[in-house]
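What follows is one structure encoded as structure tokens, with my remarks underneath.
Protein chains: 2
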Amino acid sequence: MARNSPAPRSAKSRAGIRPLPGRARSENGNAHSDLMNGEIGLDALAGHAGYAVRRFQIWVFQDFIRTLGAVDIRPTQYSVMTVIGANPGLSQMAVAKRLGIERARLVHLLDSLEQRDLVSRVKSAADRRSHALHLTARGRTALAQFKRLAAEHERHVAEKLGKENRKKLLQILSDFT
Amino acid sequence: MARNSPAPRSAKSRAGIRPLPGRARSENGNAHSDLMNGEIGLDALAGHAGYAVRRFQIWVFQDFIRTLGAVDIRPTQYSVMTVIGANPGLSQMAVAKRLGIERARLVHLLDSLEQRDLVSRVKSAADRRSHALHLTARGRTALAQFKRLAAEHERHVAEKLGKENRKKLLQILSDFT
DNA sequence: AACAATTGTTGTCGTCAACAACAATCTTCC
DNA sequence: GGAAGATTGTTGTTGACGACAACAATTGTT
Chain A
1 MARNSPAPRS AKSRAGIRPL PGRARSENGN AHSDLMNGEI GLDALAGHAG
51 YAVRRFQIWV FQDFIRTLGA VDIRPTQYSV MTVIGANPGL SQMAVAKRLG
101 IERARLVHLL DSLEQRDLVS RVKSAADRRS HALHLTARGR TALAQFKRLA
151 AEHERHVAEK LGKENRKKLL QILSDFT
Chain B
1 MARNSPAPRS AKSRAGIRPL PGRARSENGN AHSDLMNGEI GLDALAGHAG
51 YAVRRFQIWV FQDFIRTLGA VDIRPTQYSV MTVIGANPGL SQMAVAKRLG
101 IERARLVHLL DSLEQRDLVS RVKSAADRRS HALHLTARGR TALAQFKRLA
151 AEHERHVAEK LGKENRKKLL QILSDFT
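Sequence order for the protein chains is A and B. Read in order, the letters of the first sequence are residues 1 to 177 in the UniProt record's numbering. Read in order, the letters of the second sequence are residues 1 to 177 in the UniProt record's numbering.
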């Protein structure tokens with residue numbers, strides 16, 4: 001989603017907020033039509049849950065990335081660490097299934113987290129094909145901080161949606177978690 | 001790495017090593033524990049709107065892509081055509097802003113749609129930098145069909161969420177459309 | 001006329017989902 | 001007990017996508 005490689009200059013001042021109201025006044029067509037007032041209709045799009053959700057998700061992720069920018073943790077990395085932290089010893093397959101990400105993708109995610117000494121792959125004695133995933137000591141203390149920042153992010157969401165709306169949203173989508 | 005190392009072959013007499021029977025904790029092994037029943041806790045993740053939304057969005061998009069698979073139209077393409085259909089003559093900049101996509105990205109999207117004779121770029125006489133976007137005749141009839149299929153997709157969403165929940169969801173996220 | 005801003009375009013980079021293939025290692029079944 | 005099939009982690013590829021940067025053409029602004 002966003003540039004967040006640690007090396008290049010941080011996308012700090014970026015203020016990656018997207019232009020919601022989009023005062024897209026002057027459409028180039030000539031004098032005709034009802035668009036002149038700057039209102040660009042969405043037509044059928046307005047009734048599509050998928051569209052609204054896409055826009056919302058972009059906003060949420062950008063806020064998450066920005067709020068956890070200081071610790072350089074992205075949403076997926078956070079989800080992986082959270083699940084491992086709550087269920088130490090899980091295999092990569094189990095984590096991938098639970099989070100709905102491809103095991104192929106998880107490989108790179110874990111490579112990164114392991115390099116940062118946040119997660120460790122322990123060869124399982126029971127099934128030598130698989131790895132038992134654990135947080136390192138450093139990973140545990142780090143996760144605690146991540147959770148505090150993530151809670152702050154979640155407060156931003158609550159501000160944006162309203163407390164009750166956020167709650168209702170979580171309830172409506174609870175089947176997908 | 002582990003892939004090509006030919007050495008680690010035999011040696012490992014699987015005789016003595018066994019998975020510590022006393023352990024009732026979450027272990028990678030398949031033999032036991034709380035994972036067997038599929039119960040993998042999400043911990044803090046369960047309270048994050050972003051996580052729920054991400055999972056939901058994946059589901060919705062997959063259903064959309066599948067439902068409109070016969071006509072080979074993806075969500076973003078549909079959104080572009082819908083907006084152009086409802087506001088003929090818009091510039092690329094205006095469409096990009098309204099839909100929250102990069103104008104650089106829109107170039108490719110329009111290239112594709114133009115190649116399929118669904119959209120046409122008309123050089124604007126008013127501002128010769130910009131293009132006025134229109135649906136072709138073919139594009140208009142095609143969009144009508146796309147909308148029917150999209151409506152079917154939306155019914156799938158309603159089935160999944162419940163009619164009322166879908167409505168509430170659209171209302172909660174209305175600021176983002 | 002000179003200079004700043006906008007529009008479409010091209011290109012690069014990184015994220016991400018979906019596959020396919022593979023070696024190592026279980027599991028199953030005869 | 002061993003062959004056949006399934007699973008796990010891994011590597012690689014493809015394509016959609018968001019964020020940026022640079023550029024030519026064209027306004028607009030002064």
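Backbone N, C-alpha and C fix where the C-beta goes; we use that ideal spot for every residue, glycine too.
Item: Ser91 (chain B) classed as buried or exposed, judged by whether at least 16 other C-beta atoms fall within 10 angstroms; Value: buried
Item: Sequence-distant residues of its chain with Cβ nearer than 8 Å to Asp127 (chain B) (five each side left out); Value: Ser91
Item: Assumed close pair Ala49 (chain A), Val60 (chain B) - CB separation to whole angstroms, cut-off 8 Å; Value: 6 Å
Item: Check whether Ile172 (chain B) and Leu169 (chain A) have beta carbons under 8 Å apart; Value: yes
Item: Extent of the continuous beta strand (DSSP E) run through Val122 (chain B); Value: 119–123
Item: Beta-carbon proximity check, Val80 (chain B) vs Leu68 (chain B), cutoff 8 Å; Value: no
Item: Glu102 (chain A): CB within 7 Å of a non-hydrogen atom of the ligand COA; Value: Ligands displayed in this structure: none; no statement on the ligand COA is therefore possible.
Item: Boundaries (first-last residue) of the beta strand (DSSP E) holding Ala132 (chain B); Value: 131–135
Item: Check whether residue 185 (chain A) and Val83 (chain B) have beta carbons under 8 Å apart; Value: In the structure as shown, chain A starts at 1 and stops at 177, and residue 185 (chain A) therefore has no counterpart that could be examined.
Item: Beta-carbon separation (whole angstroms), Val122 (chain A) vs Val53 (chain B), contact threshold 8 Å; Value: Not confirmed; about 33 Å, so no contact.
Item: Top-ranked residue by Cα proximity to Asn87 (chain B), from B:Arg55, B:Val107, B:Ala132; Value: B:Ala132
Item: Helix, strand or coil at Leu68 (chain B) [DSSP, three-state]; Value: coil
Item: Close Cβ partners of Leu113 (chain B) (< 6 Å) along its chain, the five nearest in sequence each way excluded; Value: Val119
Item: Short CB-CB distance (under 8 Å) between Gly41 (chain B) and chain A; Value: yes
Item: Burial state of Arg163 (chain A), where buried means 16 or more other Cβ atoms lie within 10 Å; Value: According to the sequence displayed, residue 163 (chain A) carries Lys and not Arg. Label assigned to Lys163 (chain A): exposed.
Item: Nearest to Ala70 (chain A) (by Cα), restricted to the options A:Lys160, A:Gln145, A:Asp175; Value: A:Gln145
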